[in-house]
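Residue numbers (the working numbering): 4 to 105.
I have placed the structure first, in the form of structure tokens, so that the comments after it can refer back to it.
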Amino acid sequence: MGMKYVFAIALVALTGCAATPTPPSAGGPPPGGSFPTGLDNTCDGERYGTLVGQDATVLERVMILGQVRVVRPGSVVTQDYRPERMNFNIGADGRIASITCG
């Protein structure tokens, strides 16, 4: 699902349906505090902090270059740490609960 999902995001973005999120204010974590204390922003996930709290379907309209993983409740994911990979953690309500690197 991962690679297909990234391809689908890129395809939709290239067809002119992409929306660029407004970057959060500088100097702190994105709204919702999705970056734990001490975690550096190696994946540039802070840039997409405005997506926290929105329905996960918003990811279909945003072009994100790089490694992306969407983690839903009950998903089985690898435990390897990749600092450049952006993880969109989806809550039980179908909204983006947090964004983490790794």
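The beta carbon of each residue, even a glycine, is placed where N, CA and C say it ideally should be.
Residue i versus the options, residue with shortest Cα-Cα distance
{"i": "glycine 105", "options": "Glu87, Arg50, Ala59", "result": "Glu87"}
{"i": "leucine 68", "options": "Met89, Gly94, Asp96", "result": "Met89"}
{"i": "aspartate 96", "options": "Tyr51, Gln70, Gln82, Asp58", "result": "Asp58"}
{"i": "tyrosine 84", "options": "Pro76, Met66, Ser78, Arg72", "result": "Arg72"}
{"i": "valine 74", "options": "Asn44, Glu63, Asp47, Ala100", "result": "Ala100"}
Helix, strand or coil at residue i according to DSSP, with G and I counted as helix
{"i": "threonine 103", "result": "strand"}
{"i": "arginine 88", "result": "coil"}
{"i": "valine 73", "result": "strand"}
Distance CB(residue i)-CB(residue j) smaller than 9 Å
{"i": "isoleucine 93", "j": "leucine 54", "result": "no"}
{"i": "glycine 56", "j": "arginine 98", "result": "yes"}
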